[in-house]
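Residue numbers (this note's numbering): 199 to 568.
The block underneath contains the structure these notes are about, expressed in structure tokens.
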Ligand code: HEC
Ligand code: HEC
Ligand code: HEC
Ligand code: HEC
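Listed below in structure tokens is the structure:
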């Protein structure tokens, strides 16, 4: 049985669901099909973002993978009969949408696959460009909206950001949510898929993988794909001191801490840690991140994370026991709580030390408008 998770649930709940004693890890779905409006509802305002997305693998390859010669074998391994229908495959290679009872799959991983479903009962779509209570809902063109934004009060902006985040929008400021969301697809949490030869993104690193072909930072200047989200950088939000390097450090740490939490959750549910298995993969990830934490970063504020993982070793991770489910879920929960607190302390990335090394490599070519 594939468990599909049909509402925006915090990852703590996900940790429990993933372990529901089915013997098979589930593909984790963080976006409810009921909330998906589709990318045409984004591109009318976000023109360059759409163009950048068009040239990305999320558009060009993710869906086509389902026509790959091996797709049939992968499907068989997890009992999927309708690869392009309401299946585990389309949770990660497409965007599932359900309006009333009509189900369809949008091809590829679209805007909402990463930023969260924008519609539904309490959707964030209209909230995210409403800059005052009295704003005319008919105003829907970008220059006019950006003009209206200039008059937004600081209190309104704060309330708007919070309302969008709690409606499930993964905003640039919510680095941990963004990271967890990427990894919900890229850390392919299914032992049987991996056994059948389905790949897992072993080299996934958030700062690197979001700065190349995925990059689309056009909000304040549609002619330049900025190295950090232009809105997050602060001019319109009255924040000072934010920098591109600070952003990269923030993404790197968010990627690692999200990875640690999800890898621990997966570790609690695997049935094997033999070479090449999912258990082996997540063990390597956990140990690598532990090394970074202990040896390189020396970050004040991360002590509770280190405390939570201090007893994990190559040997303890290797042995699969009956108690693993509970043990690792507990550690993952502690890591999640400590990470959340950490990012509340370092929202800007400005006071992160140089020990958090920035890599210059990026994954793929960033799109630049001609
Ligand atoms: C009617 C125009 C309009 C539509 C439609 C629209 N947006 Fe936006 N979007 C804006 C404006 C204006 C801003 C700037 C808001 C701000 O300053 O916080 C924005 C900002 C954003 C941001 C940046 C938020 C941040 O944290 O800085 C994201 C992400 C985003 N939109 C995604 C989307 C997605 C995904 C869709 C489709 C589901 C969409 N938008 C549809 C106008 C629109
Ligand atoms: C949990 C998310 C997830 C699920 C479920 C999933 N995939 Fe994938 N799939 C991915 C990701 C991520 C990649 C790219 C991995 C990489 O190379 O970095 C991928 C890659 C692939 C590839 C490329 C293989 C290659 O050798 O280049 C094929 C084919 C594929 N998936 C088919 C399927 C089919 C068929 C299903 C359903 C039976 C499925 N996937 C289920 C996330 C998923
Ligand atoms: C809904 C699932 C899903 C989500 C969420 C997702 N991806 Fe992907 N991603 C895929 C799949 C599937 C592929 C494989 C396409 C292919 O074969 O190139 C892929 C490919 C990529 C590639 C190209 C990889 C390569 O080998 O060249 C990059 C880079 C990437 N993703 C980065 C990200 C980042 C960064 C995030 C989060 C901000 C993210 N992805 C979120 C499913 C997802
Ligand atoms: C693979 C995941 C992914 C997809 C797909 C995606 N985004 Fe994003 N988006 C991100 C990430 C990550 C950031 C923050 C980038 C950074 O830190 O450099 C971002 C930032 C943004 C911003 C803020 C840019 C700024 O200059 O402030 C907007 C607006 C946006 N996205 C809109 C969209 C729209 C519209 C689409 C669809 C056409 C889309 N995104 C598709 C992951 C994604």
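A virtual CB, placed ideally from N, CA and C, is assigned to each residue, including glycine.
All values derive from a computational prediction rather than experimental measurement.
Extent of the continuous alpha helix (DSSP H) to which residue i belongs
i	result
residue 360	352-364
residue 402	Element bounds for residue 402: n/a, residue is neither H nor E.
residue 246	245-252
residue 484	476-489
residue 525	522-543
residue 450	442-465
residue 239	238-241
residue 270	269-275
residue 340	340-347
residue 504	501-507
residue 373	373-384
residue 257	255-258
residue 418	Taken as a continuous stretch (DSSP letters only), residue 418 belongs to no alpha helix (DSSP H), as it is neither H nor E.
residue 389	389-393
Candidates the options: closest to residue i by CA position
i	options	result
residue 242	337, 276 and 563	337
residue 308	477, 512, 488 and 234	234
residue 246	481, 557, 459 and 419	419
residue 536	412, 523 and 501	501
residue 525	400, 487 and 464	464
residue 549	417, 423, 356 and 446	446
residue 375	444, 416 and 541	541
residue 523	469, 564 and 544	469
residue 361	352, 344, 391 and 326	326
residue 461	527, 433, 492 and 504	527
residue 396	310, 275, 299 and 415	275
residue 417	358, 248, 239 and 486	248
residue 514	370, 491, 236 and 481	481
residue 277	390, 339, 251 and 229	390
residue 486	357, 380 and 511	511
residue 252	342, 492, 504 and 412	412
residue 544	519, 477 and 498	498
residue 508	489, 516, 299 and 471	489
residue 437	240, 266, 355 and 564	355
residue 558	265, 266, 450 and 259	450
residue 352	519, 435, 563 and 267	435
Own chain partners of residue i with C-beta closer than 6 angstroms, once the 5 adjacent residues on each side are dropped
i	result
residue 284	301
residue 459	530, 533 and 534
residue 219	Here residue 219 scores only 36 on pLDDT, less than 50, and its place in the model should not be relied on; the value that follows carries that caveat. Result list for residue 219: empty, nothing under 6 angstroms.
residue 475	none
residue 329	346, 347 and 350
residue 296	231 and 232
residue 335	none
residue 455	537
residue 414	247 and 250
residue 311	293
residue 256	306 and 307
Nonlocal neighbours in the same chain, by C-beta distance under 7 angstroms from residue i, ignoring five residues either side
i	result
residue 560	406, 409 and 410
residue 292	261, 303, 304, 305 and 306
residue 506	529, 532, 533 and 536
residue 398	385, 386, 392 and 479
residue 494	553
residue 421	567
residue 442	425 and 426
residue 491	500, 503 and 504
residue 369	359, 362 and 363
residue 340	243
residue 379	228, 312 and 368
Contact under 7 angstroms by Cβ, residue i with residue j
i	j	result
residue 271	residue 394	yes
residue 431	residue 440	yes
residue 377	residue 426	no
residue 547	residue 444	yes
residue 429	residue 566	no
residue 229	residue 315	yes
residue 516	residue 471	yes
residue 569	residue 483	As shown, the chain starts at 199 and ends at 568. That puts residue 569 outside it, with no answer to give.
Cβ neighbours of residue i in the same chain (closer than 8 angstroms, five flanking residues each side left out)
i	result
residue 269	263, 281 and 287
residue 332	none
residue 221	Confidence at residue 221 is low in this model, with a pLDDT of 37, below 50, so the placement of that residue should be treated as unreliable; the coordinate-derived value is given next. 469.
residue 496	551 and 553
Range of the contiguous beta strand (DSSP E) that encloses residue i
i	result
residue 301	300-305
residue 297	292-297
- How about the stretch 356-373 and the stretch 317-330: do they share at least three Cβ pairs that are nearer than 8 angstroms? yes
- Count the CB pairs spanning the stretch 542-556 and the stretch 393-404 that are closer than 8 angstroms, and state whether there are at least three. no
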